[in-house]
C-alpha cells in the first residue's frame, strides 16, 4: 500500500502544485514563506505516508498538513508589509487601480482569523464539501457550517466598512 | 458580481512563482530520500507522468461545403429526422489530447435549416478546439519558461461530446458539452432545440408561452429553496451575492428532457458555488410545441 500511496501522493502534488501554492500563500501572504510551507508539507507527507489510511483521502489529508505548515510558516515570517504584495508582482496583468482593489479584497480575507479563513478558502475557493472540510480541520459538520456563516457575515461587515 | 466571486477571482489571480516547480521536485526527492534512509526499503521512483507521443490521428472537421455535398448524397430511404455523429476524431500529442464527437442533423425535410445548424455546430466545435489548443500551447510555454520540463507536463484533455435529450416527430433537442482537464471551469454546454415542423430553433417563449419568465423564475426559486432544505451541502448564492434573480430573456439555456418538459440550465458558478456544478431545473408545465 505504501508505494502505491506514495506514488499517488506525488502525482497529486505535482498535478495540483499551483492550487497548493495558492492555499499556502493565502495564509502566509509571502512568497518565500509559502514555498517553505510547501516544502515542509511535502517532505512531512512523504515521510508519514503510512499514516494515510485510504488513498482516496490523499487530497484532504495533504491539505491538513499543508495548512498546518502554512500557519507555522506565516508565524515565522511575520514581518510582512502590505507593500510587498505589489512589489512581488503577485498580481501581474493588473492595472494600478485593479491592484489596489485586489489588495482590498484580499485584506478582507486576511482579516478573518485562521479558522474562518480556512473554511472560506476550502469551501469557496477550493470547492470542497463540508465533510471534507470537517475532516481537514478535525471538527464536525455543524462546526464547519457555523464557521462558514460567521465568516460570510464578517466578510460582509468588513466590506461595508470599506464603502 | 458577488463578494465571494470577487474574492475567488482575486484568489485565482495569485501567481505561483517560478521556483515553485523546483521547490516541489526538490521536496519530493528529499521526502523520499529521508524515508528511504529511515526504513531502508526500496522505494520505487514515481513515474512522473511520462508523456508519450501517440500516433497522431487527425481527421479534420468537414467544412460546410463538403458537408452540404455529403448531404445531397444521402438517399431518401430513411425519412426520420435524426441527430447523428457526422465526425468523430481523436488527436493526441505531447501537449493535448483531444476527443471530439461532432453531431449534425439530417432528414428534417428542411435543408436550409439543416445546413445552417450543421454549419453552426461544426464551426463552433472547430473554434472551441482551436481555442483550447491555444490555451494548452500557452500553458506548455509557461511551464517551459518557468523552468519546467516536458517530462512532468501532463497533456491537457479536451473533450467534445453530445447527447440527445429528447426526440419525437416534432422536436429534436440535444446538448453539446465541451470539457477541459486543465480547469474544471472550462466546461461549456450548447443547447439545440429544434422545431421540426416549422424548421426553427425554439426559445423559452415558444415552449412556455408569453408568461415564460414568471413561470421559470417562480419554479427555479421554488426548487432552489427545496434543494437547500433537502441537503445541507446544497448552497446557492443569495441574490445580493449575485445569485438567481430571474432569467434575462427567452434565450436562456434550456433543453427538452425525456419527460418532454423544458429543463432550464445554469452554468457552473452562475447561481451557486463551483462545487455545485451545472444546475438543472425541470419546469413542470406542459410545453406548447
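Residue numbers (our numbering), protein chains in the order written: chain F, 1124 to 1286; chain W, 4 to 292. Glycine is no exception: its CB is placed at the ideal position from the N, C-alpha and C atoms.
| Can you tell which of W:287, W:143 and W:11 has the C-alpha that lies nearest to the C-alpha of residue 221 of chain W? | Within the second chain, numbered from 1, the residue matching residue 221 of chain W stands at position 218. Of the listed residues, the one whose Cα sits closest to residue 221 of chain W is W:287.
| The alpha helix (DSSP H) spanning residue 15 of chain W covers which residue range? | Residue mapping note: residue 15 of chain W aligns to position 12 of the second chain, counting from 1. Per DSSP, residue 15 of chain W belongs to the alpha helix (DSSP H) from 6-15.
| query | By DSSP, does residue 1234 of chain F sit in helix, in strand, or in coil? | reply | Position 111 of the first chain, counted from the first residue, corresponds to residue 1234 of chain F. Residue state, collapsed to three classes: helix.
| Unbroken alpha helix (DSSP H) run spanning residue 121 of chain W, endpoints | The residue you call residue 121 of chain W lines up with position 118 of the second chain. Where residue 121 of chain W is concerned, the enclosing alpha helix (DSSP H) stretches over 114-148.
| Cβ-Cβ distance between residue 83 of chain W and residue 110 of chain W below 8 Å | The residue labelled residue 83 of chain W in the question sits at position 80 within the second chain. The residue labelled residue 110 of chain W in the question sits at position 107 within the second chain. Yes, the Cβ-Cβ distance between residue 83 of chain W and residue 110 of chain W is below 8 Å.
| task | Would you check if the distance between the CB atom of residue 255 of chain W and the CB atom of residue 267 of chain W is smaller than 8 Å? | result | On the second chain, residue 255 of chain W is found 252 positions in, with the first residue counted as 1. On the second chain, residue 267 of chain W is found 264 positions in, with the first residue counted as 1. Yes, Cβ-Cβ distance for residue 255 of chain W and residue 267 of chain W is below 8 Å.
| query | According to DSSP, what are the bridge partners of residue 95 of chain W? | reply | Reading the second chain from its first residue, position 92 is the one you call residue 95 of chain W. Per DSSP, the beta-bridge partners of residue 95 of chain W are W:100.
| message | Check whether chain W comes within 8 Å of residue 1151 of chain F, counting only Cβ atoms and requiring the distance to be less than that. | response | Here residue 1151 of chain F refers to the residue found at position 28 of the first chain. Cβ-Cβ to chain W under 8 Å: no for residue 1151 of chain F.
| Exposed or buried, which one is residue 34 of chain W when buried takes at least 16 other CB atoms within 10 Å? | One-based indexing of the second chain puts residue 34 of chain W at position 31. Buried.
| message | Check this for me: beta carbons of residue 174 of chain W and residue 207 of chain W, under 8 Å apart or not? | response | Here residue 174 of chain W refers to the residue found at position 171 when the second chain is read from its first residue. Here residue 207 of chain W refers to the residue found at position 204 when the second chain is read from its first residue. No, they are not a contact pair.
| request: Under 7 Å between beta-carbons, which chain W residues line up against residue 1162 of chain F? List them in chain order, please. | output: One-based indexing of the first chain puts residue 1162 of chain F at position 39. Going along chain W in sequence order, the residues near residue 1162 of chain F (Cβ under 7 Å) are 26 and 30.
| Under 8 Å between C-beta atoms of residue 1282 of chain F and residue 1232 of chain F | As a working note, residue 1282 of chain F is residue 159 in the first chain. As a working note, residue 1232 of chain F is residue 109 in the first chain. No, they are not a contact pair.
| the region 1236-1253 of chain F: positions lying closer than 8 Å to chain W by Cβ | Under the 8 Å Cβ criterion, the region 1236-1253 of chain F contributes 1243, 1244, 1246, 1247, 1248, 1250, 1251, 1252 and 1253.
| task | Return yes when the Cβ of residue 1237 of chain F is within less than 8 Å of the Cβ of residue 1181 of chain F, no when it is not. | result | Start at 1 with the first residue of the first chain, and residue 1181 of chain F comes out as number 58. Start at 1 with the first residue of the first chain, and residue 1237 of chain F comes out as number 114. It is not a contact, given that the beta carbons lie outside the stated cut-off.
| message | Against residue 1232 of chain F, what residues of chain W qualify as contacts under a CB-to-CB distance less than 7 Å, listed in chain order? | response | Taking the first residue of the first chain as 1, we reach residue 1232 of chain F at position 109. Under the 7 Å cutoff, chain W gives 10.
| task | Tell me where the beta strand (DSSP E) around residue 1248 of chain F begins and ends. | result | Looking up residue 1248 of chain F in the first chain gives position 125. Where residue 1248 of chain F is concerned, there is no enclosing beta strand (DSSP E), given that its DSSP letter is neither H nor E.
| said: Among the candidates F:1248, F:1242 and F:1279, whose CA atom is the shortest distance from the CA of residue 1263 of chain F? | reply: Counting from one through the first chain, the residue named residue 1263 of chain F turns up at place 140. When only C-alpha atoms are compared, the closest one is F:1242.
| said: Helix, strand or coil for residue 290 of chain W? Go by DSSP, reduced to three states. | reply: On the second chain, residue 290 of chain W is found 287 positions in, with the first residue counted as 1. Three-state result, residue 290 of chain W: coil.
| I think residue 1139 of chain F touches residue 278 of chain W, with their Cβ atoms under 8 Å apart; what is that distance to the nearest whole Å? | Indexing the first chain from 1 puts residue 1139 of chain F at position 16. Indexing the second chain from 1 puts residue 278 of chain W at position 275. That belief does not hold up - the Cβ atoms of residue 1139 of chain F and residue 278 of chain W are roughly 16 Å apart, past 8 Å.
| query | What first and last residue would you give for the beta strand (DSSP E) that runs through residue 182 of chain W? | reply | Indexing the second chain from 1 puts residue 182 of chain W at position 179. Looking at the DSSP string, the run of the beta strand (DSSP E) that includes residue 182 of chain W is 174-183.
| query | Are residue 1128 of chain F and residue 1194 of chain F closer than 8 Å when you measure CB to CB? | reply | Within the first chain, the letter at position 5 stands for residue 1128 of chain F. Within the first chain, the letter at position 71 stands for residue 1194 of chain F. No, Cβ-Cβ distance for residue 1128 of chain F and residue 1194 of chain F is not below 8 Å.
| Apart from the five residues on each side of it in sequence, which residues of its chain come closer than 8 Å, Cβ to Cβ, to residue 135 of chain W? | The sequence position of residue 135 of chain W within the second chain is 132, counting from 1. Around residue 135 of chain W, the same chain offers 99, 101, 159, 161, 181, 183 and 189 as residues with beta carbons nearer than 8 Å, after the five sequence neighbours per side are excluded.
| So what does residue 194 of chain W bridge to, in DSSP terms? | Position 191 of the second chain, counted from the first residue, corresponds to residue 194 of chain W. DSSP output for residue 194 of chain W lists W:178 as bridge partner(s).
| What residue ranges within the region 196-221 of chain W form continuous alpha helix (DSSP H) runs of no fewer than 4 residues, ordered along the chain? | 207-211
| query | Going along chain F in order, which residues have a C-beta closer than 7 Å to the C-beta of residue 120 of chain W? | reply | Along the second chain, one-based indexing puts residue 120 of chain W at 117. Going along chain F, no residue has its Cβ under 7 Å from residue 120 of chain W, so there is no contact; the nearest lies around 35 Å.
| residue 165 of chain W (DSSP reduced to helix, strand or coil) | Counting from 1 along the second chain, the entry for residue 165 of chain W is found at position 162. If DSSP states are grouped into helix, strand and coil, residue 165 of chain W belongs with the strands.
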